[in-house]
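Chains as they are written, first to last, in numbering that gives the first Met the number 0: chain A, 0 to 692; chain B, 0 to 180.
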Amino acid sequence: MNKHDFYKEIMSEYTFDKDKILSNAKKGKFAGRKPLPLYIGMTAAAAALVVAVGTAAFSLTNHRGAVYNGGNLAALDDKQRVDKAKTEADQNANSVELYDVMVSFNGALSPAEVQNVLTAYSDSSIPVKLLFLADGSKAVGGEQVGAVFESGNGSITGAIINCPGRLMKSLMNDSRVVLAEIATQEDFNSALPITTPIGNLTNIDNGDSDNSHNPPDIDVSGGGIDGDNSNSDVPDNSGADDPIIMPQNTEIKLPAGVNLPTGHNAGFSYITDDLGAERAYFLNENVFYVKTANSVRLYRWNGESESLAVSQNIEDAQACWISENGSRLIVTGKENGIRRKMFIIDAYNCTINDMGAESFVGDGTIAAAAYNENDDVLVVNVFDGEAYFLYTAHLNGYQAADAATLFMDGANVNILGEFGGTVYFSDSADGKTTIYKGEAGTALSGNVVLELEGVYSANVNSAFTHAVMTCTTEALGDTESTIFDPETESLIPASANTSFGVALHTCEMDGEYFKVENGALVKIDKSVANAAKIDFKRSFSATYMALVSNGSVRIVPSVYNSANKNAALGQPTENSTEELRAALNLGAGVINALATDKCAEAGLDTAEKLSEAIDECFTKSAGEDLKSRNESGNLTAVDISEAVLVIDENNENSADGTLYVKVGTFDGKNGYFAYNVRFAKERGCFRLDCVIG
Amino acid sequence: MGKPEIDSYFNDVYAATFTAVSRFVTSHASRLQDAEDIIQNVYTRFYKRIDDKGYEDIESAEAFLINIAKFECRSFLASFIKRRERVKNMSDFSEEESAALDAELSRDEPLLEDILNNKILAKQIFDDIMNRDETVGRIFYLHFVCDMKLDEVADKLGLNVSTVKTKLYRTIEKQKKKFGL
Numbered sequence: 000m001n002k003h004d005f006y007k008e009i010m011s012e013y014t015f016d017k018d019k020i021l022s023n024a025k026k027g028k029f030a031g032r033k034p035l036p037l038y039i040g041m042t043a044a045a046a047a048l049v050v051a052v053g054t055a056a057f058s059l060t061n062h063r064g065a066v067y068n069g070g071n072l073a074a075l076d077d078k079q080r081v082d083k084a085k086t087e088a089d090q091n092a093n094s095v096e097l098y099d100v101m102v103s104f105n106g107a108l109s110p111a112e113v114q115n116v117l118t119a120y121s122d123s124s125i126p127v128k129l130l131f132l133a134d135g136s137k138a139v140g141g142e143q144v145g146a147v148f149e150s151g152n153g154s155i156t157g158a159i160i161n162c163p164g165r166l167m168k169s170l171m172n173d174s175r176v177v178l179a180e181i182a183t184q185e186d187f188n189s190a191l192p193i194t195t196p197i198g199n200l201t202n203i204d205n206g207d208s209d210n211s212h213n214p215p216d217i218d219v220s221g222g223g224i225d226g227d228n229s230n231s232d233v234p235d236n237s238g239a240d241d242p243i244i245m246p247q248n249t250e251i252k253l254p255a256g257v258n259l260p261t262g263h264n265a266g267f268s269y270i271t272d273d274l275g276a277e278r279a280y281f282l283n284e285n286v287f288y289v290k291t292a293n294s295v296r297l298y299r300w301n302g303e304s305e306s307l308a309v310s311q312n313i314e315d316a317q318a319c320w321i322s323e324n325g326s327r328l329i330v331t332g333k334e335n336g337i338r339r340k341m342f343i344i345d346a347y348n349c350t351i352n353d354m355g356a357e358s359f360v361g362d363g364t365i366a367a368a369a370y371n372e373n374d375d376v377l378v379v380n381v382f383d384g385e386a387y388f389l390y391t392a393h394l395n396g397y398q399a400a401d402a403a404t405l406f407m408d409g410a411n412v413n414i415l416g417e418f419g420g421t422v423y424f425s426d427s428a429d430g431k432t433t434i435y436k437g438e439a440g441t442a443l444s445g446n447v448v449l450e451l452e453g454v455y456s457a458n459v460n461s462a463f464t465h466a467v468m469t470c471t472t473e474a475l476g477d478t479e480s481t482i483f484d485p486e487t488e489s490l491i492p493a494s495a496n497t498s499f500g501v502a503l504h505t506c507e508m509d510g511e512y513f514k515v516e517n518g519a520l521v522k523i524d525k526s527v528a529n530a531a532k533i534d535f536k537r538s539f540s541a542t543y544m545a546l547v548s549n550g551s552v553r554i555v556p557s558v559y560n561s562a563n564k565n566a567a568l569g570q571p572t573e574n575s576t577e578e579l580r581a582a583l584n585l586g587a588g589v590i591n592a593l594a595t596d597k598c599a600e601a602g603l604d605t606a607e608k609l610s611e612a613i614d615e616c617f618t619k620s621a622g623e624d625l626k627s628r629n630e631s632g633n634l635t636a637v638d639i640s641e642a643v644l645v646i647d648e649n650n651e652n653s654a655d656g657t658l659y660v661k662v663g664t665f666d667g668k669n670g671y672f673a674y675n676v677r678f679a680k681e682r683g684c685f686r687l688d689c690v691i692g
Numbered sequence: 000m001g002k003p004e005i006d007s008y009f010n011d012v013y014a015a016t017f018t019a020v021s022r023f024v025t026s027h028a029s030r031l032q033d034a035e036d037i038i039q040n041v042y043t044r045f046y047k048r049i050d051d052k053g054y055e056d057i058e059s060a061e062a063f064l065i066n067i068a069k070f071e072c073r074s075f076l077a078s079f080i081k082r083r084e085r086v087k088n089m090s091d092f093s094e095e096e097s098a099a100l101d102a103e104l105s106r107d108e109p110l111l112e113d114i115l116n117n118k119i120l121a122k123q124i125f126d127d128i129m130n131r132d133e134t135v136g137r138i139f140y141l142h143f144v145c146d147m148k149l150d151e152v153a154d155k156l157g158l159n160v161s162t163v164k165t166k167l168y169r170t171i172e173k174q175k176k177k178f179g180l
């Protein structure tokens, strides 16, 4: 027998009970209607009522991570229910197993609010089996539940839904929800939602809520390409110059009314109108990318103003790949609430192109995607509601072409990397993680490469060349991390804090830089050049950088300019005395006033005052040098607002050291230019004995 | 017209039309799970009709039943709106997957007969199909029982052929793994 005949037999035998129908028809018996759960969700339209097949919910055979803790809720007091719910939420944090879950709302909510709550955390539809109404009545089954939602009337205090276990934690983190707890059939009749405000129950620590509103994210090392790039560590250049703080015990006396500049240059800054921007970065010198809640856009930038080049409506876009030079970008996005779209963004041509991923995503959801540009291998992990399908494809122009199913698994599959057309991925079961490989373009060809004790999570890098795998099995140590190297099919011990950014083989680990070479980590310079390979978020422009500010995009000078490539990364520690620091600030202030032609603004509005200030702040010889360089136009402002003075030698009459002037933040680390500085004691106090810069 | 004659006529019509009626209902019912109830009502109405008024005036029992089925499909749970979005711009199911699917379905596997004889396991396999999204059940029924080609199934269900093939392929692959088929 072949499978076609097999399924014909199966479907003929069990789909309809022909004998029963025949018998009932002759008895004149009509069929009744069964109460069914109402399915809500999937689209933003709250009124979209999607009715799905079957009263029986499917259940994956693979029960990894699923822990059932249901019980008789009516027999428990509120506190016990809270504890139980917390345990259930924790134990099922990664479970895709479906449970009947009783959701107690924080007060009585409207039907629309309830739909918002219940659909906020799932990409798929949520069957609502029962609603508890504020008047004490219940709506049971699809028709009654549907009537409540359709009418929009009534106040709802609780609901019983059927959802994956992992949703409980997300629901518990929602301020509109008091509890989400597993319910049994018995609870349908006997249990009631908890109405006690959550604050009166107990402190519920539900752990990390960062991803509670999101479907499984597409991970890349370092928190994802579209991670927060608000760049809180980037100084806001729009602010006014900081006034210099005059030390109290210096003997240097400036002319009255003088307020010397720190050299902190506000520089260029431009802010757009409110574009609704959530992310923004320059992809090249002339084009910046903007992600809004419902679209991705490219703007052209001419140095003075922006103009919209192209916009594509797409919900919740997430970048899954960006080329090392920023010229191309692949994003996934939702259509009608389902992540099934893929677009490739071409900064050079200013185009946003639909990749046609629906051809293999179908009705599924994109759980992850990765692209290796060198080998032109695209891998997309598709979850179809029950299992994960790993597809490979390549780009034909902008289209994902020749898609083939490489692997299929009931549990989530981690994409690990690609090398020479071979795709590496892993899954975990029974406390073990298996790494497989398969040739792109072939069907169901996974072969085991390695087997590891423990369950490992994995973050593939943007370039799809390596993945950081972290053991999450507590018994084995939850900090054990390795880098998977596809080229050598080996694991390299690493830190959990390893980030590749958009680099192919360069990574940052605990503040140091390494290159993956021949299956090992080779330490490389801690330089801005290496930082730039990883720190892609700032800008792919050497001139400009885009920052998001309340929906607008602020454009400021890029820190990755040609001059900064020579800056050193580090964190020097100030060790100067108050007297020396004051002397430095005053001397630098005079230099800055001269170099930026802001003497008048600084209060040095007469030649006498300027001369007096130079005499006060510099030694005699340094003062002469300053005047000479000023006349030849050979002075450069020095930003001392975040400068660090490190004194190497110090005695009664002189001091030598290094002034580290911060030029920017690179890959989270400060970059400095270093200047030798010298002080000498003249006329009773230390004065700057050199011209900085 | 005596009862035995009605019953005899009904039995003949039932045997001759069941596949056509079930195909129509399977592809038109708002919810697949309602299909059996709808078919039940179709034949009950039909039986009452011929019991009350005879069947002499019925030229084509199948056409008559399909008309009843249309009415039943429209009226049964009409308050629910079935939203089935047609997937647009789908490219073809890959040739490799099509070939794999054809090979999968045509390969001779003696073990399958043993599974069919194991009623419990066979029912589990059936339930696994029906408990997936409702379209899967429809596709399996129309393709395997009603012998409709996949492009006909796609047309009947308002889906792209590629989607139909994908659903079929995925389900078979999952069942292979789950039940060792």
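Quick reminder that beta carbons are idealized off the backbone N, C-alpha and C, glycines included.
The structure presented is a predicted model; accordingly, all values stated were derived computationally and were not measured.
With respect to A/Val295, A/Ile344 sits close: the two C-beta atoms are nearer than 8 Å. Against chain B, the beta carbon of A/Glu8 has neighbours under 7 Å at Leu115, listed in chain order. If you look at B/Thr170, you'll find it in the alpha helix (DSSP H) that goes Val160 to Phe178. Along the region 324-403 of chain A, the alpha helix (DSSP H) occurs as fully enclosed runs of 4 or more residues at 357-360, listed in sequence order. Around the Cβ of A/Gln114, a 10 Å sphere holds 16 or more other Cβ atoms; the residue is buried.
Per DSSP, reduced to three states, the secondary structure at A/Arg278 is strand. Taking the Cα positions, A/Phe359 is about 40 Å away from A/Asp18.
Going by C-alpha positions, A/Thr595 is about 7 Å away from A/Ala636. A Cβ-Cβ separation of about 6 Å places A/Glu615 in contact with A/Leu253 under the 8 Å criterion. Chain B places a beta carbon closer than 8 Å to that of A/Asp383, counting this residue as a contact. Assigned with DSSP and collapsed to three states, A/Gly135 falls in coil, not helix or strand. Using a CB distance below 8 Å, no part of the region 283-307 of chain A faces chain B.
At the C-beta level, A/Ala392 and A/Ala386 stay beyond 8 Å of one another.
In the structure shown, A/Lys252 falls within a coil segment according to DSSP collapsed to helix, strand and coil. Contacts with chain B (Cβ-Cβ distance below 9 Å) from the region 402-415 of chain A involve Ala402, Ala403, Thr404, Met407, Asp408 and Gly409, listed in chain order. If you draw a straight line from the Cα of A/Asp76 to the Cα of A/Ala107, it is about 20 Å long.
Contact between A/Asn529 and A/Thr497 fails: their C-beta atoms lie close to 14 Å from each other, not under 8 Å. The beta carbon of A/Leu21 sits closer than 8 Å to some beta carbon of chain B.
In this structure, B/Glu61 keeps its C-beta atom at 8 Å or more from the C-beta atom of B/Asn40. Note: A/Gln114 is not bridge-paired with any residue in the DSSP secondary-structure output. A Cβ of chain B is located within less than 8 Å of the beta carbon of A/Thr14. Only Leu31, Gln32, Asp33, Ala34, Glu35, Asp36, Ile37, Ile38, Gln39, Asn40, Val41, Tyr42, Thr43, Arg44, Phe45, Tyr46, Lys47 and Asp50 from the region 31-62 of chain B bring a Cβ to less than 9 Å from some Cβ of chain A.
It is roughly 8 Å from the alpha-carbon of A/Ile193 to the alpha-carbon of A/Thr156.
The three-state reading of DSSP puts B/Phe63 in helix, counting H, G and I together. Note that the region 7-22 of chain B does not touch the region 660-677 of chain A; fewer than 3 beta-carbon pairs, one per stretch, sit closer than 8 Å.
Listed in chain order, the non-local C-beta contacts of A/Ala541 below 8 Å within the same chain comprise Glu284, Ser557, Tyr559, Asn560 and Ser561, local neighbours out to five positions each way being set aside. The Cβ atoms of A/Thr472 and A/Gly430 sit closer than 8 Å to each other. In the three-state reduction of the DSSP assignment, B/Phe125 falls in the helix class, which pools H, G and I.
In the three-state scheme derived from DSSP, where H, G and I count as helix and E and B as strand, A/Gly164 is classed as coil. Under the 10 Å beta carbon count, A/Val447 is surrounded by fewer than 16 other beta carbons and is classified as exposed. Annotation: the continuous alpha helix (DSSP H) that includes A/Tyr13 extends over Lys2 to Tyr13. By the Cβ-count criterion, B/Pro3 is exposed, with fewer than 16 other Cβ atoms from all chains shown falling within 10 Å of its own Cβ. Between the alpha carbons of A/Asn591 and A/Ala582 lies a gap of roughly 14 Å. Only Phe9, Asn10, Tyr13, Phe17 and Ser21 from the region 9-23 of chain B bring a Cβ to less than 8 Å from some Cβ of chain A. Within its own chain, the residues whose Cβ lies closer than 7 Å to the Cβ of A/Gly550, once the five positions on either side in sequence are excluded, are Asp273, Leu274, Gly275 and Ala276, listed in chain order. Our two residues, A/Ala179 and A/Pro126, have alpha carbons roughly 15 Å apart in a direct line.
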